[in-house]
Structure formats: C-alpha cells, structure tokens
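Read the structure below first, then the notes.
2 protein chains.
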Amino acid sequence: MTVVTNLDPKCRTSQQTPLDALADLVADDLKAVNEVIIQRMHSSVELIPQLASYIVSAGGKRLRPLLTLASARLCGYQGTKHLGLAAAVEFIHTATLLHDDVVDESSLRRGQASANEQFGNKPSVLVGDFLFSRAFLLMVDAGSIEVMRILSNASAVIAEGEVLQLTTTNDTSTSEQSYLEVICGKTASLFAAACRLSAVVADRSEAEAVALDDYGLNLGIAFQLVDDVLDYSALQARLGKTVGDDFLEGKITLPVILAYRRGSDEERQFWRRVMEDPTQQADGDLEHAIALMAHHATLRDTVDRARHYGAIARDALGLFPECAEKRVLLEVIDFVIDREY
Amino acid sequence: MTVVTNLDPKCRTSQQTPLDALADLVADDLKAVNEVIIQRMHSSVELIPQLASYIVSAGGKRLRPLLTLASARLCGYQGTKHLGLAAAVEFIHTATLLHDDVVDESSLRRGQASANEQFGNKPSVLVGDFLFSRAFLLMVDAGSIEVMRILSNASAVIAEGEVLQLTTTNDTSTSEQSYLEVICGKTASLFAAACRLSAVVADRSEAEAVALDDYGLNLGIAFQLVDDVLDYSALQARLGKTVGDDFLEGKITLPVILAYRRGSDEERQFWRRVMEDPTQQADGDLEHAIALMAHHATLRDTVDRARHYGAIARDALGLFPECAEKRVLLEVIDFVIDREY
C-alpha cells in the first residue's frame, strides 16, 4: 500500500504550484505524516485499510495536514506532536468525505469511482466511523486537552454544517448568510482547526492561535466558494468531477443564490423548477443555468467574494514575522482562489 | 423535549426488574445524566436535536450509562466526572444505532419507525457524526486522557466489529469464533469501556479497572447472544421488532451457525439458499429455519453459551466488597440472560 502525494517528482508538472512549494518546505514532516496515516488505518479487518487507503491514497492534496505542518513551522515548533495531529486532521477529512459521498450519492471522487460506488454505502459509513475514532486516538496520543477540544468541536461543527446544507438543499430562497454558515461549518471549520492547533501545541499566545484560526477559516471559506464556482466551470473535467453535480442535486450554492436574487420573475421561476425538484430538470437546463450565471456575472462575483475572504486570511498572518512558511501560506491563498481545478 | 426513562414510576410494571433497581439505586445521577444529554444534543441547526431526541428519548434502557454510574459507585467515586462520561457513552451508543439502522436499512427501532425511516438516511448519518463528536467533547470536559483513550478505542473497535459483520453476512461458513469477534466489537467493547472508565475516574487500581472491563465485556457478549436468540423468538413482538429481522438480512448469528454445523447436507443446502441470498427466501422459510433451530436446540444452546459468559462476568466482580451496587450488577447478569424481550 503506498500513499501517493504530489511529493513524487514524476507527478509534478514543470509549473510548481504553491501547494507543491508547501509540500517541499515540510517534505520530511509530510513523509512522517504519511507514515502515521498508513500505520493508523491498519486493522485486522482487511476491508478497513483496503477501503481507507482507496480514499486516503487517492491523490488528495493533503491540503489540511499541510496547513498544520506549515503553521507549526511558522510557530517555531520543534517537537513531533504536530505529525500525529496532522494525520488526525486528514482522517477527520477523509471520514467526512466518505460520509458525504454516501449522503450525496456521489459516484465519482477525484476522478475515480467514489468509495461508496466501489465498496458500497455500508462499509463507507462504518469505515468513516472507524477513521473518526482513530483520529481521536491520535489526538489522545498527542495528549493536549486543548487540541482535543479544538478538533472535537470542529467535527461537531462539520456535522452541523452538513445537516444545515441538507435543510437548505432545493431551497432557492436560501440567503447568502445561511450559505456562509453551511460552508463555514462543512469546510472552513476544519481548515481553522488544522491551523489553530499548531499554535496550541507550540504553546504560543492566544493571539497567535486566533490569528491562525482566522487564516484557516477565511482560507477555507475562499476555498469552498471557488469549489462551488468550479462546479459550473468547464475546467472541472480535470478534477474528474462532472460539471453541474451541485446543479443535479439541487444544491444551493452562492452562484445560484446570486443568480436567483438578480434574476427576473421568469428566471426565478426557472430556478425554482430546476432546483426545488431536480427530477424536473430537462436537457439544456444546465446550459441555461450557466448562461444566466454568465449574464448576471455570478461566477465572477462569487470569486470576488472569495477574494474578500482571502484578504482577511492574508491580514490574519500579519503578526507573524516574514519567513519562508509565511510566504508560502500567503501564496496558497491566491492559488486557492485562482486555481482552475 | 423530554427524555423518557424507566425512572418514571407510571411506566413501571409491578414487577421491578434489576434494571429498574439499578436505575433506582443511582436515580439522582441518572437524572443528572439525562440533563447533560438534553443539553449536549442541542444545536442551532434544529433538525439535529429533533432527530437526536427522537432516538435518545425513545425509551432506551440507558443500560450502558447505568453501568457507568453503578460502576462508579462500586468504586466509591465521589466526584461528578462520571456524569458527562455516562452521557458520552450513551451518545456513542446512539450514534452507532443511527449508523446501524442506515447500514441495515432497518425500518423499526424499539417499536417505532427508525430515525432513518422517519427522517431519511442522510440526516441519520450526519447526526450520528454529530453525536460522536459531542461524545468526544464530553470526554474532553472530563479531562482524563486515559478515559478518552478507552472510549476512542472502543469506538474504533465498534466500527471494526460492524465492518467484520458486513463481511460475514450471508456467509454460512462463518465460525463461532469469528461471530464472537463481531459481537465483542459491535456490542461488548462499549459495555466494557462503560464499566472500566469508572475505575479510571475513581483512580482505582489497574486490577479493578480490568475486573470492571471483564464484567462489561462478558455481560455485553451475553447480552448480544440473547439478543440474537430473541430475534427468532415469538416474544420479540414486545420489543417492537419483527421476528426474523436477522434472517431476512442473511445476518449470520450463533443460532444459525450452530444449526448449520449440526445440520444434514440437505439442511445445509437450505441454510445456504436462504442466508447466502436472502432474496431467494420464500414463504415458510423462516418457520422452517425456526423448526431446524428447535430440532438442534440451537436457541437453547446459544442461551447456554450466554450463561457461560455471564458466569465470567459474575466472577470478575469477585474482588469488590459486598454492597448494594454489586448485588444489582450481579442481578443484571441473570436478567440480561433470562429476559424475554
């Protein structure tokens, strides 16, 4: 079983992204984290490492653990507790992916059959639970009550965000504010926790912990906003995701909320028909939706909103001295916003 | 929102069971635990407490938290940490029930529509995750690293047991040993953890912690063995469960394993047809299965196996001095084995 990361030079394109630079900067730590991940997803019940490695190794960017590792360096941390915690963060992320794919009935994840498609819903639910539990064991090993509180709380908030998303799905009258609550919960809270915990293990001031939390939270919001834009963008094919997944599920994201708010009565009628009961969707509806988004510039404006949160993330790092880690963490913000996949 | 327990004298039959006696013995603590449960399942996302209380309040016996409370008294514990931990144990149990019902596609739980039937699979998966996370937050509040390790480990072992059960379902060649591994994981590990943690918070010797673990583990095995017998017993109707649920799902439990082992070639052919592909089941198959179990006395012998584990549980308590708590914990063993529902 090998864990594939973009550390492998053969996989690298000539254009090094800030994520590659980040992985280079913490290469030894990342290698150690990957070893912890492989070791801790082991179980005598063979289906568990089989399924877990299917998703853990499936070419994820390891963005969240990379944030933990870089934040720890930014805080001058010299110990090793951050390694297990970075693995715990990746396990929590993986567990939520497994459960999300079951909840969303997704058939693709990162360009290959999703775990639920490949192994069935039942093992996906249970292996998700297993990874959650192993994440908590990793935290216990790190021995910091405060870190456990941060990550347990993030997990509860993720679940709240996901449930809130369920209740807003198909509801075209969802407000931008309630959409923000959803993405703060389901995405940004784990980014925030991944960064904050490094300040805690490094025993830095509360001000620095809050700064890293703010960086992660706002980076996470920007990341999800752009993800939601990309779901309507042709370049999504490179992610292996079919364009329009959110549309097909009637998932209400900001590009739709803005198009609905800015649309004519006739357009709103269209949005209600296609989003409130996606089974009513017909050929050409997705194209019409994308045309309306273009007309009202809602994809562009959603990226602009992402830039706003990116700017907050940037300022949050202001109190840290200049260093290689800080430079790359700042570059990651722009990368997350300007990425095309 | 009210949490219904069998503390309510109006609900009590004239025959007081050892579980009622146990609840009486720790009545104040149980009331406090119920308050923690109500408080900690709160969320601003309304669907969460709605769904959580649907199952948490649905007349569960609170057996696992009762074990924690009684064990704490047995250990002479004077503090209050056991209250939050007992609530955490119930949350973990509830989360696994929610996920189980999704995995098993159950439509009934304790005589009413299961949460997945009532609210759908998606919120059941996510509210399960929420309760898991809140359980960990409760442990964090109790502040004992050792207790967190015990319960995180139990959670991972539960998931392993459930996955193992998936891989043995429909497999008539499942051995008694591998069935035992399944029920140790999915049921007995949480009973064991619920008891052991009380010795840890009470700061008692490792020998006492191990004794309580052994008591819980073996009680849990006995409990599950009898549960599996009751699934083929007419009295199950009183539990609100349809008789033969396990049979319909092709779930391989000890009554089936023994009938298969003891059966003729023709009988084994029957078991393979009905268990390996339950869609092949026809009218009269369940009745025939029950007749074969009666012929080979596999229900009786499964209860006998339960008695064996009950005896181990009994001896495990030997090193504790005589007291009311010990007496009731011993009575609970017999009750668990001899119950008819």
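Here the protein sequences come in this chain order: A and B.
First residue of the first sequence? That's 1 in my numbering, and the numbers climb one at a time after it.
First residue of the second sequence? That's 1001 in my numbering, and the numbers climb one at a time after it.
Backbone N, C-alpha and C define an ideal beta-carbon position, used for all residues, glycine too.
- Close to chain B, meaning a Cβ-Cβ distance shorter than 7 Å, are the following residues of the stretch 97-128 of chain A: His99, Val102, Val103, Lys122, Pro123, Val125, Leu126 and Val127.
- Every unbroken stretch of the alpha helix (DSSP H) spanning 4 or more residues and falling wholly within the stretch 118-159 of chain A is given here in chain order: 121-142.
- Here DSSP, grouped into helix, strand and coil, assigns Gln112(A) to strand.
- The continuous stretches of alpha helix (DSSP H) do not include Asp1171(B), and DSSP gives it neither H nor E.
- Scanning chain B for C-beta atoms nearer than 7 Å to the C-beta of Ile48(A) yields Glu1160 and Val1163, reported in chain order.
- In chain order, Val1243, Leu1299 and Glu1340 place their CB closer than 8 Å to the CB of Ser1233(B), counting only its own chain and leaving out the 5 sequence neighbours on each side.
- Judged by beta-carbon spacing, Val127(A) lies within the 8 Å limit of Val1163(B), meaning their Cβ atoms are closer than that value.
- A check of alpha carbon separations from Leu1022(B) across Ile1038(B), Ala1142(B) and Leu1074(B) identifies Leu1074(B) as the nearest.
- Proximity to His1296(B) across Pro1321(B), Val1256(B) and Asp1285(B) peaks at Val1256(B), based on C-alpha coordinates.
- Its Cα nearest to that of Leu1258(B), the residue Thr1302(B) stands out among Gly1060(B), Gly1284(B), Thr1302(B) and Pro1321(B).
- About 6 Å separates the beta carbon of Cys1184(B) from that of Ile1221(B), a gap short enough to meet the 8 Å contact definition.
- Assigned with DSSP and collapsed to three states, Ile312(A) falls in helix.
- Restricting attention to Thr1096(B), Ala1027(B) and Arg1064(B), the CA atom closest to the CA of Ala1052(B) is found in Thr1096(B).
- Residue range Ala1324 to Asp1338 is occupied by the alpha helix (DSSP H) that includes Phe1335(B).
- DSSP places Thr1096(B) inside the alpha helix (DSSP H), whose first and last residues are Lys1081 to Asp1104.
- Taking C-beta atoms as the reference points, Phe191(A) and Leu217(A) count as a pair closer than 8 Å.
- Short of 7 Å from the beta carbon of Arg1273(B), and not among the five residues preceding or following it, lie these beta carbons of its own chain, in chain order: Gln1280.
- Here Pro1321(B) is exposed: its Cβ has fewer than 16 other Cβ atoms, across all protein chains shown, within 10 Å.
- For Cys75(A), no alpha helix (DSSP H) encloses it, and the DSSP letter there is neither H nor E.
- Residue contact check for Gly1084(B) against chain A: no CB pair falls below 8 Å.
- Contact of Thr174(A) with chain B by beta-carbon distance below 9 Å is absent, the smallest such distance being about 14 Å.
- Ala1316(B) and Asp1129(B) have their C-alpha atoms roughly 34 Å apart.
- Put simply, the CB of Thr68(A) is far from chain B, with every gap to its CB atoms at 8 Å or more.
- Taken in chain order, the members of the stretch 1137-1148 of chain B whose beta-carbon sits within less than 7 Å of a beta-carbon on chain A are Leu1137, Val1140, Gly1143, Ile1145 and Met1148.
- The beta carbon of Tyr77(A) sits closer than 7 Å to those of Ser198, Val201 and Ala202, all from its chain and outside the five residues before and after it, given in chain order.
- For Glu206(A), the number of other beta carbons within 10 angstroms of its own is below 16, and it is reported as exposed.
- Interface residue (Cβ-Cβ distance to chain B less than 8 Å): Ala193(A) is not classified as such.
- Neighbourhood of Arg134(A) in chain B, by CB distance below 7 Å: Ala1156, in chain order.
- Taking the CA atoms as reference points, Tyr1179(B) sits about 20 Å from His1093(B).
- Here Gly79(A) is exposed. Its C-beta has fewer than 16 other C-beta atoms within 10 Å.
- Judged by beta-carbon spacing, Glu267(A) lies within the 8 Å limit of Leu292(A), meaning their Cβ atoms are closer than that value.
- With respect to the 8 Å criterion, Pro1065(B) and Val1089(B) are classified as neighbours on the basis of their beta carbons.
- Chain-order list of chain A residues neighbouring Phe1130(B): Ala156, Ala159, Glu160 and Val163, by C-beta distance under 8 Å.
- Apart from the 5 residues on each side of it in sequence, Ser107(A) sits with its Cβ closer than 7 Å to the Cβ of Ala113, Ser114 and Glu117 in its chain, given in chain order.
- DSSP places Arg262(A) in the uninterrupted alpha helix (DSSP H) bounded by Leu254 to Arg262.
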